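Going by the UniProt record's numbering, 123 is the number at position 123 of the sequence shown; the sequence numbering is gapless. Beta carbons are placed, not taken as given, at the ideal position from N, Cα and C, and that holds for glycine. All of these numbers come straight from a predicted model, not from anything done at the bench.
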Amino acid sequence: MIVSRNAAELVTASATAAAGALVCYGSLENGVSWGASGPEPGYFPFYVGCLIILGSAGAAVQALWRGGTGEIFADGENIRTVAAFLLPLIALAALSQWLGLYIAMALYLFFAVWLGAKRTALSAFLIAAITTGVNFVIFEILFTVPLLKGPVLEYFGIY
């Protein structure tokens with residue numbers, strides 16, 4: 001399978017425009033105007049979403065203007081490499097909903113280091129445990145920003 005650069009640019013521009021539109025739509029729930037005490041909560045995200053849409057439109061216009069040059073963006077080997085990186089990240093996002101972010105992060109790091117970087121299981125475990133622990137301390141204790149815990153950590157009273 002071969003993907004042209006022009007097709008990749010158009011797909012990327014469409015995806016980022018959709019993300020910008022989603023940001024704008026979500027901001028509408030919080031108000032996007034200027035209130036008595038300053039900007040409403042959705043004011044800045046709304047305009048950031050508009051800038052994302054504008055940038056995406058510019059990228060799409062450039063891709064269409066340039067036309068199909070025949071330049072190859074990715075072939076089969078490149079697509080397999082990207083999939084080997086992207087699919088575990090999708091699994092991390094999915095597992096975060098059920099196991100919580102910290103356990104999903106530890107699993108992701110363990111398997112990425114063990115299988116992807118081909119390190120020993122012990123070093124993969126240590127890297128995953130230390131990195132996850134440091135993230136827990138930074139977000140939960142220092143910044144007091146609660147992230148997804150999931151049922152496992154809630155069972156042990158870590159919430």
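Item: Using a Cβ-Cβ cutoff of less than 7 angstroms, which residues in the same chain neighbour A121 once the five nearest sequence positions on both sides are dropped?; Value: W114
Item: What is the DSSP secondary structure of V145, counted as helix, strand or coil?; Value: coil
Item: Cβ of I127 within 7 angstroms of any heavy atom in the ligand GDP?; Value: This structure does not include the ligand GDP; it has no bound ligands of any sort.
Item: Taking 8 angstroms as the cut-off, decide whether the C-beta atoms of F136 and Y102 are in contact.; Value: yes
Item: Got a sec, what are the start and stop residues for the beta strand (DSSP E) A112 sits in?; Value: Per DSSP, A112 belongs to no beta strand (DSSP E) and is neither H nor E.
Item: When you compare only the Cα positions, how much space is there between D75 and L54?; Value: 30 angstroms
Item: To the nearest angstrom, report how far apart V23 and A84 are at their CA atoms.; Value: 29 angstroms
Item: State the Cα-Cα distance for the pair V134 and V61, rounded to the nearest angstrom.; Value: 44 angstroms
Item: Is the region 41-53 close to the region 8-25, with three or more CB pairs under 8 angstroms?; Value: yes
Item: Going straight from the alpha carbon of F46 to that of K118, what length do you get?; Value: 43 angstroms
Item: In whole angstroms, what separates the C-alpha of S56 from that of A128?; Value: 36 angstroms
Item: Can you name, in chain order, every residue of its own chain whose Cβ lies under 7 angstroms from the Cβ of W98, other than the five neighbours on each side?; Value: G150
Item: When DSSP builds the beta bridges, which residues end up paired with F72?; Value: First, the amino acid is wrong: residue 72 is Ile here, not Phe. DSSP, once it has assigned bridges, lists S4 as partnering I72.
Item: Taking only the alpha-carbon atoms, compute the straight-line gap between V145 and F139 and give it to the nearest angstrom.; Value: 5 angstroms
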